[in-house]
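Residue numbers (our numbering): 10 to 634. Even for Gly, the Cβ is constructed at its ideal location relative to N, Cα and C. All of these numbers come straight from a predicted model, not from anything done at the bench. Right, one structure below, let's go through it.
In structure tokens, the structure reads:
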């Protein structure tokens, strides 16, 4: 054991190399003291994450991580550490109530929670001495503890963090169906339960026709009332199990899809917040909102009707095999109808896709018009243009309804053609089946059972026709949502450790900016030097670039050429969140969110003491009302 202080942790020789894992003293990128920016101690758990990230050669700062997690004044929990690690691109998972023996096999370094509520780094193991090295993040004190000593201070919580496997040179993925697969795969176990329940439901559907065949061919012929009673009781029991399994399947599916929906919605909103300001300024608000809502359509297709219909369609192969055992001739009639279904679907698909796409565009235009009208209602009323707006709204609404009607009728045409083929198939089966019964090749019970099982084949195919229309909608939704998820986000660079608060010296050198790559240069050859503490005013006519210049300093826009520095630091090399926290901005039109005045004032720091909020409100005068 190293020389230790009263709590068992060494304060000396902190640079000794660990036996396995990483010694917290050698980690970089984790600040331990308070900074002038925050004025508070860093979170011990986030320091552990930063130390562990440094082990994987990833720069991290606990203050920045706290900002990303919106912790405010509260301390990080184990789940927060998992989120912080994932934010850095690492794999992480928290485990609770673990036995001490678990620590002998976990990959190191790992984060453990002590009984006093703080976190520490499990840095190394000494197998030959049965010791484990624990590092306290705030003081970097360490101790090689025996299992009994560790058990006295460990709470049973451990957070495992490892690097994700990744190859060099892999380009960012274009948004497609594959974007949803990680979330669906994460819930593969409950989805497997849904699949298992579907298997039994389909088996029950196969048993019922067999019971009917036995009743018709055996029970009625021999007047066996005892057998009839057994079969009736069996059908009731099977029906009960069928209802219970279908309910459990619906519960598991809805519960799982709700969890997937929350996760996908969080990922989408996180990406939306990381998009640059130029993205939102180049697109109407209504269009963006309409695109975000397309996530629900895609999620519902993948985990709802699409999943259950796909499962039912897989079991058609089993039913076709059973049909073939009954009658190869009748089975060929049933199977022969399937290509006709596919031909009808292929014929309807191109025009239906165009109509669905047009319907989305019309709907997005209507929603955009509605949002703009509500947001600008003061301007509209001041100009007394309500009648003109009403007329324009009716035109847009009529265009949307017309396009929607055309899409629905085209889909109905395809569905009715498929329904006609289904009726014709049923007529052929009854015709040739009756001939088989009269010639003695089949029994009456076998023909009835064949028709019941045939429905288990044709019904999924009929549902597939509706699913095909939904699939066209989903393809359009993916294209629209891809406009958001394929857009590049703001580059997130880490603020250098120990970076002091900005003093305010701004230097702009040979800056050129244009809104679009092929557009005119809005600012050209701008050279400007503003010493710290100096108050200046920038004047000019509308459209001269005054607001654009301030947005460039906040890195809301990126210059095409040139450099902007604050206190000699290139703002392109620091984290945008850190930079913007150093700059106070009063907009021409501030937006009050649908919250209390207190919450609006404390938006950047929800944990702000109430007395500070009151002081700010008195200074800005909203306290009076």
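- Inter-residue distance for residue 279 and residue 616 is about 22 Å (C-alpha atoms, whole angstroms).
- Assignment of residue 518 by DSSP, reduced to helix, strand and coil, places it in the strand class.
- Residue 185 places its beta carbon 8 Å or farther from that of residue 485.
- Straight across, the Cα-Cα distance linking residue 127 with residue 54 is about 7 Å.
- One Cα belongs to residue 440, the other to residue 205, and the distance between them is close to 37 Å.
- Per DSSP, residue 597 lies in no beta strand (DSSP E) segment and is marked neither H nor E.
- Straight-line measurement puts the Cα of residue 429 at about 26 Å from the Cα of residue 454.
- With a cut-off of 8 Å on Cβ pairs, the region 96-107 is not in contact with the region 139-154, counting fewer than three such pairs.
- Using a Cβ-Cβ distance cut-off of 8 Å, the region 208-228 and the region 454-474 are in contact, since at least three pairs of beta carbons, one from each stretch, lie closer than that value.
- DSSP, read as helix, strand or coil, puts residue 575 in strand.
- Counting only the Cα atoms, residue 585 lies some 27 Å from residue 171.
- Segment contact: the region 368-384 against the region 410-422, three or more CB-CB distances shorter than 8 Å; contact assigned.
- Residue 342 places its beta carbon less than 8 Å from that of residue 434.
- Less than 8 Å divides the Cβ of residue 97 from the Cβ of residue 69.
- Residue 395 has its alpha-carbon roughly 12 Å from the corresponding atom of residue 385.
- DSSP places residue 143 within a strand segment (E or B) once states are collapsed to three.
- At a Cβ-Cβ threshold of 8 Å, residue 423 and residue 496 do not count as neighbours.
- Taking one beta carbon from each stretch, the region 519-538 and the region 323-338 have fewer than 3 pairs nearer than 8 Å; the two do not touch.
- Cβ neighbours of residue 250 within its own chain (closer than 6 Å, five residues either side excluded): none.
- From the listed residues 401, 346 and 513, the smallest Cα separation to residue 432 is found for 346.
- If the five residues before and after residue 203 are omitted, its C-beta is found closer than 7 Å to the C-beta atoms of 258, 261 and 262, all from its own chain and listed in chain order.
- When secondary structure is reduced to three states using DSSP, residue 536 falls in the strand class.
- Distance from the CA of residue 603 to the CA of residue 614, rounded to the nearest whole angstrom, comes to 17 Å.
- Taken in chain order, the complete beta strand (DSSP E) segments of 3 or more residues contained in the region 50-91 number zero; there are none.
- C-alpha of residue 330 to C-alpha of residue 471: approximately 19 Å in a straight line.
- Closest by C-alpha distance to residue 254, out of 571, 214 and 142, is 214.
- In this structure, the CA atom of residue 207 is about 42 Å from the CA atom of residue 164.
- Taking the C-beta atoms as reference points, residue 189 is found no nearer than 8 Å to residue 281.
- Apart from sequence neighbours up to five positions away, the residues of its chain that approach residue 85 with a beta-carbon distance below 6 Å are 52, 54 and 55, ordered along the chain.
- Between residue 490 and residue 356, the alpha-carbon positions lie close to 27 Å from each other.
- Beta-bridge annotation (DSSP): residue 163 is paired with 123.
- According to the DSSP assignment, residue 362 belongs to the alpha helix (DSSP H) that extends over 337-384.
- With contacts defined as CB atoms closer than 8 Å, residue 238 and residue 227 fail to qualify as a contacting pair.
- In the DSSP assignment, residue 104 is bridged to 167.
- Take residue 273, set aside five residues on each side of it, and the residues of its chain with a beta-carbon closer than 8 Å to its own are 189, 192, 304 and 308, in chain order.
- Burial of residue 324 is indicated by the presence of at least 16 other C-beta atoms within 10 angstroms of its C-beta.
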